[in-house]
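Written below as structure tokens is the structure these notes are about.
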Amino acid sequence: MGRNIDSTCSQCRRSGEKLFLKGDRCSTPKCAMIKRNYAPGFHGPKGRKRLSDYGAQLAEKQKAKKFYGLLEKQFRLTLEKASKKQGDAGKNFLRALEMRLDNVVYRLGWATSRAAARQLVNHGHFTVDARKADIPSFSVKAGQTIKVKKNSANSPYFKKAVEHLKKADRPSWLNFDAKDLSAKVLHEPKDADLPQNLNVQVIIEYYSK
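As structure tokens, then:
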């Protein structure tokens, strides 16, 4: 299985903005975007070069991939599936990414980064409608319930995560039950719930060539 082995901080610096790949650390003065807010490499401090149209499209696509932690094949296939649905292809694409199980776990506050959320899902700590779900790309649907497994709820990680759960800023399409350590998907993300820092139209133009 392929995986991205690039430095997480370098990925943010290359994108030119915080992608919150290291969780809570990204909100502290230790964040690389605060200490070294320029592209990685020898020429980075000299400033960013002006990109061509193709370069801007490629950069936006790479940023979105890093933001959700996907590799090229999975990212492209998700876009292809979204494009076949009725409605705005770009918004359908972002909704599909937002409704991935690993992203939902992150949005609920069970993990401080999508990478950590993916690991939790891979290790089988969650169920969807009382069935074990250990595939990060699993797409949740409206009405489904995501819950921490009983054995996992007693683990040190989830006991420690209680404080972080209280501070989590959850989207309106997810309803969290703190007592039961579960959450229900109320509906698909609305336009206002979709990431505003991604220019999805530019990404579609990149793949349409």
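Numbering-wise (the working numbering), the sequence shown opens with residue 4 and increments by one.
For each residue, glycine too, the CB sits at the ideal point set by N, CA and C.
The structure displayed is predicted, hence computed values, not measured ones.
- Beta-bridge pairing by DSSP links R103 to S142.
- In the three-state DSSP reduction, R121 falls in the helix class (H, G or I).
- With a 10 Å radius around the Cβ and a threshold of 16 neighbouring Cβ atoms, S211 comes out exposed.
- Rounded to whole angstroms, the gap between the alpha carbons of V107 and E101 is 7 Å.
- Counting along the chain, the unbroken beta strand (DSSP E) around A186 starts and ends at S185 to V188.
- Inter-segment contact for the region 150–167 and the region 76–93 is absent: fewer than three beta-carbon pairs are separated by less than 8 Å.
- Per DSSP, reduced to three states, the secondary structure at K163 is helical.
- The bridge partners DSSP lists for V131 are R134 and I149.
- Secondary structure at D180: strand, using DSSP grouped into helix, strand and coil.
- For E208, the secondary structure class from DSSP, reduced to helix, strand or coil, is helix.
- Assignment of L80 by DSSP, reduced to helix, strand and coil, places it in the helix class.
- Comparing alpha carbon positions, the residue from K135, D105 and S116 closest to K153 is K135.
- A direct Cα-Cα distance of roughly 11 Å separates Y57 from K64.
- For the pair L184 and K150, the CB atoms are nearer than the 8 Å cut-off.
- The beta carbons of A145 and L189 sit closer together than 8 Å.
- By the beta-carbon neighbour count (other beta carbons within 10 angstroms, threshold 16), D132 is exposed.
- Taking the CA atoms as reference points, K52 sits about 21 Å from K69.
- Of the residues assessed, G112 falls on the buried side of the cut-off, its CB having 16 or more other CB atoms within 10 angstroms.
- Taking S140 as the centre and dropping the five residues before and after it, the same chain places the C-beta of R103 closer than 6 Å to its C-beta, in chain order.
- Within the same chain, and ignoring the five residues on either side of R121 in sequence, the residues whose Cβ sits closer than 7 Å to its Cβ are G72, D105 and P139.
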